[in-house]
Each structure stands twice: as structure tokens, then as C-alpha cells.
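Structure first, then comments.
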Amino acid sequence: MSKLEAVKALSDAQKGVAVAVIITATFLISVSVGMNAVVFPTALESYGASNTVVGMVMAIEFISVFAISFGLRGLLRVISLRTGLLLSALFRLPTLLLLAYFTDISMWFVLVFVHGIGNFLNQILLQTWINSLPFKRSRGLSMALFGTSISLGLACGPVVLQMLDNVSAQIGQFVPMIDRVVERYLGLTRPEAVLPGTQINLIASAIVTTIAALPTFLGGMLIPKFRMTEGSNITQAVRMAPAIMFAVAVSGVSILGVQSFITLYGLRNQLTLDQASLLLTAFMLGSILLEVPTAWVSDFFDRRYVMIVLVFMSLICAAYLPIAIYTPYIAWGLLFLWGGVIGGLFSVCLAMTAERFSGEHLISANAAFSIMDNIGGMIGILLIGVSMDLFGSDGLPYVIMLAGVVYFSFALTRYQVR
Numbered sequence: 029m030s031k032l033e034a035v036k037a038l039s040d041a042q043k044g045v046a047v048a049v050i051i052t053a054t055f056l057i058s059v060s061v062g063m064n065a066v067v068f069p070t071a072l073e074s075y076g077a078s079n080t081v082v083g084m085v086m087a088i089e090f091i092s093v094f095a096i097s098f099g100l101r102g103l104l105r106v107i108s109l110r111t112g113l114l115l116s117a118l119f120r121l122p123t124l125l126l127l128a129y130f131t132d133i134s135m136w137f138v139l140v141f142v143h144g145i146g147n148f149l150n151q152i153l154l155q156t157w158i159n160s161l162p163f164k165r166s167r168g169l170s171m172a173l174f175g176t177s178i179s180l181g182l183a184c185g186p187v188v189l190q191m192l193d194n195v196s197a198q199i200g201q202f203v204p205m206i207d208r209v210v211e212r213y214l215g216l217t218r219p220e221a222v223l224p225g226t227q228i229n230l231i232a233s234a235i236v237t238t239i240a241a242l243p244t245f246l247g248g249m250l251i252p253k254f255r256m257t258e259g260s261n262i263t264q265a266v267r268m269a270p271a272i273m274f275a276v277a278v279s280g281v282s283i284l285g286v287q288s289f290i291t292l293y294g295l296r297n298q299l300t301l302d303q304a305s306l307l308l309t310a311f312m313l314g315s316i317l318l319e320v321p322t323a324w325v326s327d328f329f330d331r332r333y334v335m336i337v338l339v340f341m342s343l344i345c346a347a348y349l350p351i352a353i354y355t356p357y358i359a360w361g362l363l364f365l366w367g368g369v370i371g372g373l374f375s376v377c378l379a380m381t382a383e384r385f386s387g388e389h390l391i392s393a394n395a396a397f398s399i400m401d402n403i404g405g406m407i408g409i410l411l412i413g414v415s416m417d418l419f420g421s422d423g424l425p426y427v428i429m430l431a432g433v434v435y436f437s438f439a440l441t442r443y444q445v446r
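Take any residue in the sequence shown, note its place counting from 1, add 28, and you have its number in the working numbering.
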């Protein structure tokens with residue numbers, strides 16, 4: 029099938045409702061992920077886990093994207109897209125609740141891995157759903173709203189934790205009641221090592237991820253009804269649109285590279301901790317505030333050229349960073365622009381994926397999209413870490429510049445940009 033009949037039949041109003049449902053669900057899931065990014069490592073550290081173990085547990089969630097991506101076609105031969113979205117909630121909710129009652133590190137590996145499968149299954153299916161909607165002139169804007177909902181949700185996660193901390197005394201009154209219910213129906217008791225604050229945060233994250241399932245449940249009639257039969261696989265999707273997929277990898281290198289190392293980069297270049305922390309804040313604000321207008325502009329131009337320009341601008345931002353870092357205000361402005369460029373690149377590539385693929389091929393394409401994004405991020409983090417050890421702090425921009433140069437060599441001299 030070349031198009032999804034259920035999607036083609038939607039009116040403009042129904043498409044608007046579908047976009048609102050997708051963005052709301054994506055935002056709430058991202059809030060939960062942002063909360064977990066703080067709760068998971070701090071909880072493990074309180075249980076006596078080493079930094080290496082903490083890193084391994086956090087990495088296992090990202091590794092789960094490969095498991096779900098390569099198993100997605102087989103899964104969707106059995107269940108529908110709608111069922112898959114609801115199934116993803118069943119992976120997320122129980123694992124977060126169980127994590128609140130386990131301190132065993134091996135159990136954390138298993139539960140975090142399963143939780144990651146639920147998160148990425150949800151992300152890929154929501155991404156497929158929004159990509160399948162037949163927009164005329166607003167695809168870039170819709171993809172940007174989707175991408176911005178992810179960034180905004182991740183940024184709000186730590187804020188929610190801070191709000192919970194401010195009312196921890198009031199919420200703490202309910203902890204004994206929760207413990208009694210869990211012990212009665214699940215036979216689990218909270219170990220002494222699990223602090224009430226950690227337990228509250230994990231349960232709160234579980235509540236948020238449950239609420240995130242409500243929009244897709246209420247908007248279930250708008251979800252495309254189809255199953256996988258015969259279609260392209262992930263490697264075929266990469267071969268069919270190499271310029272798009274490798275641009276996504278470049279985006280992954282920049283996003284995770286900057287998020288992981290920009291604060292350290294600032295400290296090594298004589299910035300104070302507050303000044304260095306604002307570098308990451310500026311980058312995230314740029315991603316949130318500039319992603320929508322950047323991707324919206326692509327609705328009026330050939331997206332291939334917009335994609336190339338954004339990769340080039342990322343390269344320029346990386347090249348200028350070693351100069352700008354000595355003047356904090358210029359550095360913050362540069363990081364703000366850089367965040368918008370990379371956020372826009374992600375959304376433009378997502379819009380191009382929707383235009384390049386259709387029907388059940390879109391499932392494999394979105395799985396390939398997520399894999400390339402994560403591969404780029406993981407390789408980028410490793411190379412930046414090694415490069416900063418070998419060449420000093422400027423190893424960060426060097427690696428991102430290298431990624432841009434390699435992409436241009438690939439896209440402009442060897443392969444047709446699709």
C-alpha cells in the first residue's frame with residue numbers, strides 16, 4: 029500500500045487534532061524522560077554504584093533503541109499501530125514502579141532496558157503517525173512542533189523534580205500508604221536504601237508516563253489502521269535516502285556532543301561554573317525557540333538545500349566556538365543560534381523522511397531515522413571524549429566540524445542529495 033487509507037480520509041480539522049494529540053503525548057513522555065535522566069543516576073549513586081556502572085545503566089536505555097527498531101517490523105505484523113502505542117505504555121509504567129522498590133543493580137539493568145524499549149517504541153510510532161499525515165504546506169512546521177515538544181519536555185523534567193522537592197513534606201505523608209498497597213498486592217517492600225524522595229520521584233515519573241498514554245487513547249480513532257506485510261527494511265531505508273539519514277547522524281553528533289561536554293568545555297576555557305552552565309541553557313533555549321521558525325522556513329524552499337545550509341551553519345558554529353568562548357555573551361548567543369540550527373536540522377530531516385517514504389515503508393524509515401540519530405550521538409560522544417583527552421578542550425568543536433566535513437564530502441561529491 030502506498031498511502032494509509034485511514035489517514036487520507038482525515039479532514040483538516042481531524043489532522044489538526046491528530047497533531048495536537050501527538051505533540052501532547054510526546055511532550056509528556058519527554059517530561060518523564062527528563063525526570064528519569066536525573067533520578068536514575070542519583071538513585072544508583074545512592075545505592076553505591078560506581079560511575080562506570082551508572083554510565084552502563086544509562087547507556088542500556090539507548091541500546092534498547094536497536095532492539096526495538098530491528099524488531100519493529102515483526103511486531104507490527106502481529107499488532108496494529110494503535111495497539112503498539114498502548115503496548116508501549118505497558119512497558120513504561122510497571123518498570124518505573126518496580127524501580128522504586130529495587131536496589132539490585134542487575135534488576136536495574138533489566139528494568140531500565142525494558143523501560144527504554146517502551147520509550148523508543150512510543151517515539152517511533154508517534155513519529156510514524158505524524159509523518160503519515162498528508163500535509164500540503166505545513167509539514168516542516170508540524171515536524172518542528174513535534175521536535176520542540178521533545179526538547180521542551182526534556183527541559184521541563186528537572187523543573188518538575190524541583191517542584192516535587194518543594195512539596196516533598198506534603199507528598200511524603202502518602203508514602204506509607206503507597207508502601208502498604210504495593211506490599212499487599214505485589215508482595216514488595218521498599219528497601220531502606222530507597223529514600224522516600226527517590227521513591228516519590230519514580231512514582232511521579234510513572235504517573236506522568238501514564239498520563240502521556242491518555243491522549244493517544246482518547247484520539248485512538250485518528251490513529252492509522254494498518255499492519256506490516258512486506259516492505260523495506262531498515263538498511264534499505266538508509267540506502268534509499270542516504271543524505272537524509274546521514275544528516276540525522278550529524279544532528280545526533282552535535283546534539284549529544286554539545287549537551288554532554290559544553291559545560292566542561294566552558295570550565296576548561298576559564299569560565300565560571302555559572303557561566304559554563306548557561307552555555308547548555310542557551311543551546312537548549314535555541315533548540316526550543318528557533319526550531320519551529322527554522323523548520324517552518326523549509327516549507328517554502330527545497331528542503332534538500334535547507335538541510336545542506338543547516339549542516340553548513342552547524343559547522344560554522346563549531347568553528348567559531350573556540351573564538352567566542354572567551355566572551356561569555358558572544359558564546360551564549362552562538363550556542364543559542366547553534367541549538368536552533370541543530371533543532372531545525374532534526375525537524376527538516378524528519379519532514380523529508382515523510383516526503384520520501386509512505387505507507388508501511390514509513391515504519392522502517394522512522395526506525396532507521398532513530399537508529400542513525402542514536403548512532404551519531406553515541407559515536408560523537410566517544411570521539412569527543414577521546415579528542416578532548418588528546419587535543420584539549422577544542423576536541424569538542426573539532427569532532428563536530430569533522431562530522432560536517434565528512435557529510436559534505438558524502439552528500440555533495442559522491443551521492444545525489446535526495
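Ideal placement from N, C-alpha and C gives every residue a C-beta, glycine not left out.
Three-state secondary structure (DSSP) of residue i
i, result
"E354", "Here residue 354 is Tyr; the residue named in the question, Glu, does not match the sequence. Coil."
"D417", "helix"
"I231", "helix"
"V423", "Here residue 423 is Gly; the residue named in the question, Val, does not match the sequence. Helix, per DSSP."
"Q303", "helix"
"T176", "helix"
"G76", "coil"
"I107", "coil"
"F289", "helix"
"A439", "helix"
"Y333", "helix"
"A95", "helix"
Nearest-angstrom Cα separation, counted from residue j out to residue i
i, j, result
"A65", "I51", "21 Å"
"T322", "V45", "23 Å"
"S305", "I107", "45 Å"
"A393", "V187", "34 Å"
"G368", "F311", "8 Å"
"A48", "S437", "39 Å"
"A382", "H389", "10 Å"
"I344", "T263", "31 Å"
"S116", "L149", "6 Å"
"A277", "T156", "19 Å"
"A53", "F419", "42 Å"
"I403", "A431", "13 Å"
"F130", "M341", "46 Å"
"V266", "R384", "11 Å"
"E24", "G408", "Because the chain is modelled from 29 through 446, residue 24 falls outside the range shown and cannot be assessed."
"M191", "A71", "18 Å"
"M429", "L349", "11 Å"
"G99", "A87", "19 Å"
"I412", "L246", "44 Å"
"T111", "M268", "28 Å"
"D327", "L242", "31 Å"
"I133", "T226", "15 Å"
"L301", "F174", "32 Å"
"T291", "Y354", "14 Å"
9 Å Cβ cutoff met for residue i and residue j
i, j, result
"V85", "F68", "yes"
"L104", "I399", "no"
"L307", "G294", "yes"
"V281", "G405", "yes"
"V337", "G181", "no"
"L113", "L161", "no"
"I316", "S179", "yes"
"Y426", "V339", "no"
Residues near residue i in its chain [Cβ-Cβ closer than 6 Å; skip 5 each side]
i, result
"F119", "V142, I145, G146"
"V286", "F311"
"V93", "F148, S398, N402"
"R296", "S421"
"S279", "I370, L373, F374"
"T238", "L121"
"M380", "I272, R331"
"W136", "V85"
"V445", "Low local confidence applies: a pLDDT of 48 at V445 is under 50, so the model's placement there is unreliable, with the coordinate-based value given in what follows. The residues are A271, R332, A439."
"V140", "V85, I88, E89"
Close Cβ partners of residue i (< 8 Å) along its chain, the five nearest in sequence each way excluded
i, result
"I231", "L124, L125, A128, I206"
"M63", "G185, P186, V188, L189, N229, A232, S233, V236"
For residue j and residue i, believed in contact at Cβ under 8 Å, the rounded distance
i, j, result
"C377", "M335", "6 Å"
"G457", "L365", "With the chain covering 29 to 446 only, the question about residue 457 has no answer from this structure."
"A240", "L56", "4 Å"
"T424", "F289", "As written in the sequence, residue 424 is Leu, which differs from the Thr given in the question. Right, the Cβ-Cβ distance comes to about 5 Å (below 8 Å), so this counts as a contact."
"W324", "A172", "6 Å"
"A395", "I152", "6 Å"
"L362", "A352", "5 Å"
Sequence-distant residues of its chain with Cβ nearer than 7 Å to residue i (five each side left out)
i, result
"E73", "V82"
"L299", "P356"
"Q303", "G294, P356"
"V59", "G181, C184, G185, V188, V236"
"A95", "I145"
heavy atom of the ligand COA below 8 Å from residue i C-beta
i, result
"M191", "Because no ligand of any kind appears in the structure shown, any question about the ligand COA cannot be addressed here."
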